[in-house]
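Student:
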Amino acid sequence: MRAIVVGAGIGGLTAAVSLRRAGYEVTLVEQAPRFTETGAGIQLAPNATRVLRALGLLDAVADRSTRPPYMSFRTWSDGTEICRYALGRAAEDAFGAPYLQLHRADLHRVLTAAVPPGSVRLGTEVVGVDQDDRSARVTTAGGEHLRADLVVAADGVRSTVRRRLFGADEAVYSGSAAYRALLPAAEVADLDLPAYAGWLGPGRHVVHYWVSRGALLNVVAVFRAPAARESWTARAEPGEQLREFDGWDPRVLALLERAGRVWRYGIHTRVPLARWNVGRVTLLGDSAHAMVPFQAQGAAQAIVDAAVLGDALAGAAPAEVPEALDRYVRRRRATATSVQAGSVRAGEDYHLPDGPEARARDARMAAYAAAHGFSPQASAWGADAVDGQPAS
Ligand SMILES: Cc1cc2nc3c(=O)[nH]c(=O)nc-3n(C[C@H](O)[C@H](O)[C@H](O)COP(=O)(O)OP(=O)(O)OC[C@H]3O[C@@H](n4cnc5c(N)ncnc54)[C@H](O)[C@@H]3O)c2cc1C
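The number in the working numbering is simply the position in the sequence shown, starting from 1, with 3 added.
1) Is the Cβ-Cβ distance between Ala157 and Gly12 less than 8 angstroms?
2) Among Arg53, Arg267, Ser378, whose alpha-carbon lies nearest the alpha-carbon of Val225?
3) Would the C-beta of Arg183 count as close to ligand 1, meaning under 7 angstroms from any of its heavy atoms?
4) Can you tell me whether Val154 sits near ligand 1, meaning its C-beta is under 7 angstroms from at least one heavy atom of the ligand?
5) Counting only the same chain and skipping the five closest in sequence on each side, list residues whose C-beta sits under 6 angstroms from that of Phe297.
6) Examine the Cβ distances between the stretch 37-47 and the stretch 284-292 and report whether three or more of them are shorter than 8 angstroms.
7) Check whether the stretch 161-176 and the stretch 270-287 touch, using three or more Cβ-Cβ pairs below 8 angstroms as the test.
8) Taking the straight line between their C-alpha atoms, what separation do you get for Glu240 and Arg264?
9) Give a single yes or no on whether Gln300 has its beta carbon closer than 7 angstroms to a heavy atom of ligand 1.
10) For Cys86 and Phe98, which I take to be in contact (beta-carbon distance under 8 angstroms), what is that distance rounded to the nearest angstrom?
11) Would you check whether ligand 1 has a heavy atom nearer than 7 angstroms to the C-beta of Ala309?
12) Could you work out which residue in Ser122, Pro72, Val123, Val132 is closest to Arg283 when comparing CA atoms only?
13) In three-state terms, what does DSSP make of Leu58?
14) Is the beta carbon of Glu128 within less than 7 angstroms of some heavy atom of ligand 1?
15) Assuming Gly14 and Leu287 make a contact with CB atoms under 8 angstroms, what is their CB distance in whole Å?
16) Helix, strand or coil for Met4? Go by DSSP, reduced to three states.
17) What three-state label does DSSP hand Ser177 in the structure shown?
18) Which residues share a DSSP beta bridge with Glu247?
19) Taking three-plus beta-carbon pairs below 8 angstroms as touching, is the stretch 320-330 in contact with the stretch 29-36?
20) Within a Cβ cutoff of 7 angstroms, which residues of the same chain sit near Ala65, ignoring the five residues on either side of it in sequence?
21) What is the residue span of the alpha helix (DSSP H) that Thr17 lies within?
22) Return helix, strand or coil for Asp1, following the three-state DSSP convention.
23) Bridge partners of Ile270, per DSSP?
24) Just how far apart, CA to CA, sit Glu84 and Arg70?
25) Cβ of Ser290 versus every heavy atom of ligand 1: is any distance shorter than 7 angstroms?
26) Give the straight-line distance between the Cα atoms of Leu355 and Thr338, rounded to the nearest whole angstrom.
27) Only counting the same chain, and skipping five residues up and downstream in sequence, which positions put a Cβ closer than 7 angstroms to that of Gln392?
28) Taking the continuous beta strand (DSSP E) assigned at Met74, which residues delimit it?
29) Flag Thr39 as yes when its Cβ comes closer than 7 angstroms to any non-hydrogen atom of ligand 2, and as no otherwise.
30) Going by other Cβ atoms of all chains shown within 10 Å of its Cβ, with 16 needed for buried, is Val175 buried or exposed?
31) Looking only at C-alpha atoms, which of Arg362, Arg53, Thr30 sits nearest to Pro120?
32) Using the DSSP secondary-structure output, state which residues sit across from Arg124 in a beta bridge.
33) Is the Cβ-Cβ distance between Ala231 and Ala180 less than 8 angstroms?
34) Using only the alpha-carbon positions, how far apart do Gly10 and Leu105 sit?
35) To test your reading of the DSSP string, which unbroken alpha helix (DSSP H) runs of 4 or more residues are found completely within the stretch 125-206?
36) If you draw a straight line from the alpha carbon of Ala108 to that of Glu233, how long is it in whole angstroms?
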């Protein structure tokens with residue numbers, strides 16, 4: 004059985020590993036001429052790390068990660084702590100796998116090392132997809148046709164394959180953008196910051212956590228903007244982040260001021276679809292369910308997609324592929340769609356204006372932390388990866 008995976012991001016690479024374990028010969032087709040390093044951090048919640056363990060990748064990922072003991076939510080103006088949500092050992096015990104934070108490049112390196120180099124075709128853009136009863140086929144920009152038993156489109160928020168399957172719905176700008184920066188530990192040592200914090204303010208929030216095993220602090224500062232490009236490499240104008248966060252706690256401003264390079268990322272999403280698959284072709288990851296990153300779940304959902312896809316396809320005969328893809332979508336779509344919606348709600352809650360609503364939110368968060376220990380978002384971490392069972 005052969006599969007073509009379009010896109011070698013986190014979703015596509017994990018899908019390739021999962022499909023190979025299910026017995027598939029996989030060709031991974033990536034438009035970029037080489038793997039480039041995205042200068043950013045990523046958080047992996049236990050629903051993702053459980054899958055990485057099942058795929059034999061958790062030790063390598065964990066070796067490159069930090070494990071925050073808790074997340075501290077704070078008030079934008081003076082840093083008053085709103086609440087602490089438990090992570091660390093408590094989360095690992097409760098959810099069966101750790102909550103990790105690391106550099107994206109480190110995660111990418113572990114995933115690419117798990118895929119045989121000969122199976123990856125870089126510099127190959129997919130421009131078309133079609134199928135008949137027996138196979139599916141992608142067409143590349145170079146005019147080549149590649150055929151397999153199925154095609155998995157992990158081609159991100161601007162998915163070409165999604166357009167080919169379902170018509171011209173486009174990525175939607177969320178109305179929010181993020182300044183992103185990585186600061187060396189020595190430059191922030193005097194600020195006495197918690198290992199992992201979210202600062203909440205009117206229309207804005209800031210999250211920071213350690214990556215590269217504590218060598219770099221990853222900072223993401225979200226704000227409303229009428230328009231912004233979806234790009235990991237677009238730079239902010241010098242000093243614009245300081246104007247945007249004027250009046251914030253001096254520690255947040257120090258982070259934004261000391262950041263050497265600041266990137267500006269326009270957050271785009273996709274409208275949920277009624278289905279992700281047609282015949283032998285399916286979407287996976289952001290192509291299916293790109294979401295605002297306010298629950299740090301986009302990549303995690305892609306990783307869980309990959310596990311369920313491999314599980315649904317294991318042992319399927321060629322004629323059974325469409326049915327197996329139906330099973331995959333049935334097991335994933337409701338959860339991914341609900342995490343998409345929950346991420347929007349989280350952002351609305353984070354961005355409340357000062358006053359009674361924000362005070363009520365703070366009281367709610369503190370009460371929830373006291374009663375449950377974990378964040379309400381942890382309800383997504385136990386979402387079962389494969390057929391109701393943790394994938395371990
Ligand atoms: C600021 C920010 C912070 C985030 N933080 C977190 C977090 O902490 N935790 C978390 O779980 N998620 C997080 N996310 C979400 C996460 O980054 C995405 O959900 C995840 O990277 C999606 O992976 P993907 O593989 O589906 O898509 P992508 O990573 O976009 O990969 C798609 C790949 O397909 C390739 N491609 C596209 N079109 C074609 C084509 N036509 N032919 C061939 N190749 C093609 C692209 O070049 C790319 O390599 C965050 C997102 C943002 C914006």
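Every residue, glycine too, gets a C-beta built ideally from N, C-alpha and C.
Tutor: This is what the structure gives:
1) Locating residue 157 in the sequence shown gives position 154, counting from the first residue. Locating residue 12 in the sequence shown gives position 9, counting from the first residue. Going by C-beta atoms, Ala157 is nearer than 8 angstroms to Gly12.
2) Stepping through the sequence shown from its first residue, residue 225 is reached at position 222. The residue from Arg53, Arg267, Ser378 with its alpha-carbon nearest to that of Val225 is Arg267.
3) As a first step, residue 183 must be located in the sequence shown, where it is residue number 180. Yes, Cβ of Arg183 sits closer than 7 angstroms to a heavy atom of ligand 1.
4) In the sequence shown, the residue the question calls residue 154 occupies position 151. Not under cutoff, so the answer is no.
5) The sequence position of residue 297 within the sequence shown is 294, counting from 1. Taking Phe297 as the centre and dropping the five residues before and after it, the same chain places the C-beta of Ser346, Ala349, Gly350 closer than 6 angstroms to its C-beta, in chain order.
6) Short answer: they don't touch.
7) Enough Cβ pairs lie closer than 8 angstroms, so yes.
8) Within the sequence shown, the letter at position 237 stands for residue 240. Within the sequence shown, the letter at position 261 stands for residue 264. About 10 angstroms.
9) By 1-based counting over the sequence shown, the position of residue 300 is 297. Yes, the beta carbon of Gln300 sits closer than 7 angstroms to at least one heavy atom of ligand 1.
10) Within the sequence shown, the letter at position 83 stands for residue 86. Within the sequence shown, the letter at position 95 stands for residue 98. Approximately 19 angstroms separates the beta-carbon atoms of Cys86 and Phe98; this is outside 8 angstroms, ruling out the contact.
11) Counting from one through the sequence shown, the residue named residue 309 turns up at place 306. No - ligand 1 has no heavy atom lying nearer than 7 angstroms to the Cβ of Ala309.
12) As a working mapping, residue 283 is identified with position 280 in the sequence shown. Residue Val132 is the option with its Cα nearest to Arg283.
13) Along the sequence shown, read from residue 1 onward, the residue named residue 58 stands at position 55. Looking at Leu58 - three-state DSSP - the assignment turns out to be coil, as it is neither helix nor strand.
14) Numbered from its first residue, the sequence shown carries residue 128 at position 125. Because some heavy atom of ligand 1 lies under 7 angstroms away, the Cβ of Glu128 counts as near it: yes.
15) The sequence position of residue 14 within the sequence shown is 11, counting from 1. The sequence position of residue 287 within the sequence shown is 284, counting from 1. Indeed, because the Cβ distance is near 5 angstroms, the residues count as touching under 8 angstroms.
16) Counting from one through the sequence shown, the residue named residue 4 turns up at place 1. Correct three-state label for Met4: coil.
17) Taking the sequence shown and counting its residues from 1, one reaches residue 177 at position 174. Strand, per DSSP.
18) Taking the sequence shown and counting its residues from 1, the one referred to as residue 247 is at position 244. According to DSSP, Glu247 bridges with nothing at all.
19) With a cut-off of 8 angstroms, the stretch 29-36 and the stretch 320-330 do not count as touching, because too few Cβ pairs lie within range.
20) Residue mapping note: residue 65 aligns to position 62 of the sequence shown, counting from 1. Only Pro101, Leu103 meet the Cβ criterion.
21) The sequence position of residue 17 within the sequence shown is 14, counting from 1. Boundaries of the alpha helix (DSSP H) harbouring Thr17: 13-24, taken from the DSSP string.
22) As shown, the chain starts at 4 and ends at 395. That puts residue 1 outside it, with no answer to give.
23) For the purposes of this step, residue 270 is identified with residue 267 of the sequence shown, where counting begins at 1. Per DSSP, none; premise fails for Ile270.
24) By 1-based counting over the sequence shown, the position of residue 84 is 81. By 1-based counting over the sequence shown, the position of residue 70 is 67. Distance between the alpha carbons of Glu84 and Arg70 is about 20 angstroms.
25) Taking the sequence shown and counting its residues from 1, one reaches residue 290 at position 287. At a cut-off of 7 angstroms, the beta-carbon of Ser290 counts as near ligand 1: some heavy atom of the ligand is closer than that.
26) On the sequence shown, position 352 is the one that residue 355 refers to. On the sequence shown, position 335 is the one that residue 338 refers to. Looking at the two C-alpha atoms, the distance is approximately 26 angstroms.
27) Taking the first residue of the sequence shown as position 1, residue 392 is located at position 389. Confidence at Gln392 is low in this model, with a pLDDT of 45, below 50, so the placement of that residue should be treated as unreliable; the coordinate-derived value is given next. Here the set comprises nothing.
28) Position 71 of the sequence shown, counted from the first residue, corresponds to residue 74. Residues 73-78.
29) Ligand 2 is absent from the structure shown, which contains only ligand 1.
30) Taking the sequence shown and counting its residues from 1, the one referred to as residue 175 is at position 172. Exposed, because fewer than 16 other Cβ atoms sit within 10 Å of the Cβ of Val175.
31) Walking along the sequence shown from the start, residue 120 turns up at place 117. Across the set Arg362, Arg53, Thr30, the C-alpha of Thr30 shows the shortest separation from the C-alpha of Pro120.
32) As a working note, residue 124 is residue 121 in the sequence shown. DSSP lists Val32 as partners of Arg124.
33) Within the sequence shown, numbered from 1, the residue matching residue 231 stands at position 228. Within the sequence shown, numbered from 1, the residue matching residue 180 stands at position 177. The answer is yes: Cβ separation under 8 angstroms.
34) Numbered from its first residue, the sequence shown carries residue 10 at position 7. Numbered from its first residue, the sequence shown carries residue 105 at position 102. Looking at the two C-alpha atoms, the distance is approximately 21 angstroms.
35) Within the stretch 125-206, the complete alpha helix (DSSP H) runs of at least 4 residues fall at 163-169, 188-191.
36) Indexing the sequence shown from 1 puts residue 108 at position 105. Indexing the sequence shown from 1 puts residue 233 at position 230. A direct Cα-Cα distance of roughly 19 angstroms separates Ala108 from Glu233.
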